[in-house]
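First the structure, in the form of structure tokens, and then the observations on it.
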Amino acid sequence: MRSETSPAQGQVPVVGTLRGIVAIVVLAGVAAVFALVSNSSSFRSRAEVPSGSIFVSNEQVAQPVQIAEIAEPVRIDAVNAQPVRTESTDTTAADDSDYDARRDYVLALATGTTEAMDLYLERYPEGFHAELARMQRKQFVEREMPVTITHLNAELRRVGCGPTGTAEWTTASQQALVSFNKHAQTKFDPKSPDPDTLKAVKDKTARVCPPPPRAARVQPQQEKRSLFFWQ
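Just so you know, we're using this note's numbering here: the sequence shown kicks off at 1274 and counts up by one.
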């Protein structure tokens, strides 16, 4: 008979142990490969998401009330931002409130006449540009004085009060204006002719000062001629 040797009781065979170790190593490798693949897919998906996107976890999706509470302050901030822009616009408009006055002053100055400055002062009687307009008007008056005097003398003569039209304000011109004040019931300064005086005289369409009295004509008495030459 053959004698067969049987392993001792409780001893593990060597071949079975090696196979178990190989299986464990293979499973560990497969697990490592799956882990790398998962991490790579997760990284790629995050990289493809555009900037500014909000990641919401599963727990946050399951809680819509919390998401609404987070979004509500954002809407309030967006609404509150509109009055800020409106106030800025109002402030800019207030800083440039005299735009019309400045524009009209430039136009009146370019005209270069006292009439244009008078129109400007009627529309804008107060303010910085109104003071500039008054100063500029004085310069225009001085520049236009010879023309004003010439026209004033001519107008005084037209209404029966003054001398011929000359560019000089003489004593006769002053007396003519005094006569005009007396009969037209005005109070213009005879020593300071100005455009206002000229305008007042121009507005008179009829004669103001009465004509001067005519000098009495002295008619010599005609000598009576006698019928005879010796008488």
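Even for Gly, the Cβ is constructed at its ideal location relative to N, Cα and C.
Thinking C-beta only, is residue j closer than 8 Å to residue i?
i: F1453; j: V1432; result: yes
i: P1466; j: I1422; result: yes
i: P1463; j: V1481; result: no
i: L1471; j: E1404; result: no
Report all residues from its chain with a CB closer than 6 Å to the CB of residue i; omit the five preceding and five following residues, and keep chain order.
i: A1440; result: P1419, I1422 and T1423
i: I1343; result: With a pLDDT of 46 at I1343, under the threshold of 50, the modelled position of that residue is not reliable, and no figure is offered here.
i: W1442; result: I1422 and P1466
Count the other C-beta atoms from every protein chain shown that fall within 10 angstroms of the C-beta of residue i, then say buried if there are 16 or more, exposed otherwise.
i: M1408; result: exposed
i: A1301; result: exposed
i: V1474; result: buried
i: F1461; result: buried
i: A1308; result: exposed
i: A1479; result: exposed
i: A1296; result: exposed
Under the assumption that residue i contacts residue j (Cβ atoms under 8 Å), give the Cβ distance between them as a whole number of angstroms.
i: A1374; j: Y1397; result: 5 Å
i: R1410; j: T1387; result: 6 Å
In chain order, what residues of the same chain lie with their CB nearer than 7 Å to the CB of residue i, ignoring the 5 residues before and after it?
i: E1395; result: none
i: E1406; result: In the sequence on display, residue 1406 carries Ala and not Glu. The residues are Y1378, A1381, M1390, Y1393 and L1394.
i: V1414; result: T1387, D1467 and P1468
Please go through the same chain and pick out, in chain order, the residues whose beta-carbon is closer than 8 Å to the beta-carbon of residue i, but skip the five residues on each side of it.
i: P1483; result: G1433 and H1456
i: A1305; result: none
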